[in-house]
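For reference, the structure discussed in these notes is given below.
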Amino acid sequence: MALEKRVLGRTGIEVTALGYGAMEVRGSRIWGGRPVTEGQADSILNAVLDSGINFIDTSNDYGRSEEFIGKYLSQRRSEYILATKCGCTVVHRDENTDDTPHTWTRENLFRGLHESLERMKTDYVDVMQLHNPSVEQCEQGDLISVLQEMKAQGKVRWIGCSSTLPHITTYIEWGLFDVYQIPYSGLERAHENAISQAALSGAGVINRGGVARGEPGVGLGSADRWKTYEAANLDELREEGESRTAFLLRFLLSHPHISTTIVGTLIPAHLAENITNAGRGALSAEVYAEAKRRIDAAGEVPLS
């Protein structure tokens, strides 16, 4: 079953509506990640491409993620669109954990770019994203000019920003980014309208956090977050045999302005489930409208 492809805004790139979030192969030192063996990284990354997914998102501060991509996927570079992020640094804290502060200078952005290219064994990235700076930080560091310099050097094809409200509203007004990465799910709808605003401005939209990080006790999801699901009685709208996370994934695929939603996993069987669920496509117009009505009534509404 071929995955649906959508155009990533003005880039013109066709990306699979289901992408892969490579934060899941970061390892245990970053943000409480799970340990990852070489074999696991090799297996899941190649399974991603074998499944037909053609969009991979990572970051300079995602632990071993970029290293693994270079080690196990560089020979397949023509098969996928690669997005990473800059502005990051990784600082050794103790024997088990690293910190990840951000430094918004030209020097650090280029340091991250060159480190990322070396790790991933490539001479370019398709999308380079600022890793969630404030508008003030972006202006003070003249960060867009830095990204444009990367692009002029041929090391970056398109420029983007991983961002949130309220900053993203200003960024959209500027009209300078080609791509935005925005958090959104059926259980966290604050950015629902911002996604549409970004897309209607001509930018591509990468969605993250779309399946609420899995159900409590199964994935990394928050029990509080899933209270909205319960309050909205969304189980009544699921098809027979459809899981809750599958329903939420299809809810995302129903948003007309999301180019790709990135879902990460370490487990090939979970990847196969995601592929199957995405292959079922968007919810019917009636079910999608009813789901939004119920979630609204449960108190989870988009911010303007």
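So in the working numbering, spot 115 of the sequence shown is number 391, and the numbers just go up one at a time. For each residue, glycine too, the CB sits at the ideal point set by N, CA and C.
Whether residue i touches residue j by CB criterion (7 Å)
{"i": "residue 331", "j": "residue 291", "result": "yes"}
{"i": "residue 501", "j": "residue 463", "result": "yes"}
{"i": "residue 628", "j": "residue 348", "result": "No answer is possible for residue 628: it lies beyond the span of the chain, which begins at 277 and ends at 580."}
{"i": "residue 303", "j": "residue 340", "result": "yes"}
{"i": "residue 411", "j": "residue 443", "result": "yes"}
{"i": "residue 286", "j": "residue 293", "result": "no"}
{"i": "residue 245", "j": "residue 337", "result": "Nothing about residue 245 can be read from this structure; the chain reaches only from 277 to 580."}
{"i": "residue 422", "j": "residue 385", "result": "yes"}
Assumed close pair residue i, residue j - CB separation to whole angstroms, cut-off 8 Å
{"i": "residue 550", "j": "residue 541", "result": "7 Å"}
{"i": "residue 426", "j": "residue 404", "result": "6 Å"}
{"i": "residue 513", "j": "residue 563", "result": "5 Å"}
{"i": "residue 457", "j": "residue 482", "result": "4 Å"}
Helix, strand or coil at residue i [DSSP, three-state]
{"i": "residue 360", "result": "strand"}
{"i": "residue 420", "result": "helix"}
{"i": "residue 329", "result": "coil"}
{"i": "residue 459", "result": "strand"}
{"i": "residue 345", "result": "helix"}
{"i": "residue 384", "result": "helix"}
{"i": "residue 443", "result": "helix"}
{"i": "residue 375", "result": "strand"}
{"i": "residue 496", "result": "Confidence at residue 496 is low in this model, with a pLDDT of 45, below 50, so its placement is unreliable and no value can be given for it."}
{"i": "residue 294", "result": "strand"}
{"i": "residue 483", "result": "strand"}
Residues of its chain near residue i, where Cβ-Cβ distance is below 7 Å and the 5 sequence neighbours each way are ignored
{"i": "residue 453", "result": "435, 436, 437, 447, 479"}
{"i": "residue 580", "result": "469"}
{"i": "residue 578", "result": "465, 466, 468, 469"}
{"i": "residue 383", "result": "none"}
{"i": "residue 494", "result": "Unreliable placement is indicated for residue 494, whose pLDDT of 47 sits below 50; the coordinate value is still reported in the next sentence. Here the set comprises nothing."}
Pick from the options that is closest to residue i, judged by C-alpha positions
{"i": "residue 529", "options": "553, 508, 507", "result": "553"}
{"i": "residue 357", "options": "413, 393, 401, 457", "result": "401"}
{"i": "residue 251", "options": "486, 476, 423", "result": "As displayed, the chain neither begins before 277 nor continues past 580, which places residue 251 out of reach and without an answer."}
{"i": "residue 380", "options": "407, 455, 431, 336", "result": "407"}
{"i": "residue 309", "options": "394, 375, 557", "result": "375"}
{"i": "residue 584", "options": "288, 484, 391", "result": "It is not possible to answer for residue 584, since the shown part of the chain is limited to 277 through 580."}
{"i": "residue 315", "options": "544, 367, 455, 575", "result": "544"}
{"i": "residue 389", "options": "519, 360, 368", "result": "360"}
{"i": "residue 567", "options": "338, 505, 419, 429", "result": "505"}
{"i": "residue 531", "options": "476, 519, 370", "result": "476"}
{"i": "residue 582", "options": "572, 555, 565", "result": "In the structure displayed, the chain extends from 277 to 580; residue 582 sits before or after that span and is not available."}
{"i": "residue 327", "options": "344, 346, 419, 355", "result": "355"}
{"i": "residue 507", "options": "547, 576, 526", "result": "576"}
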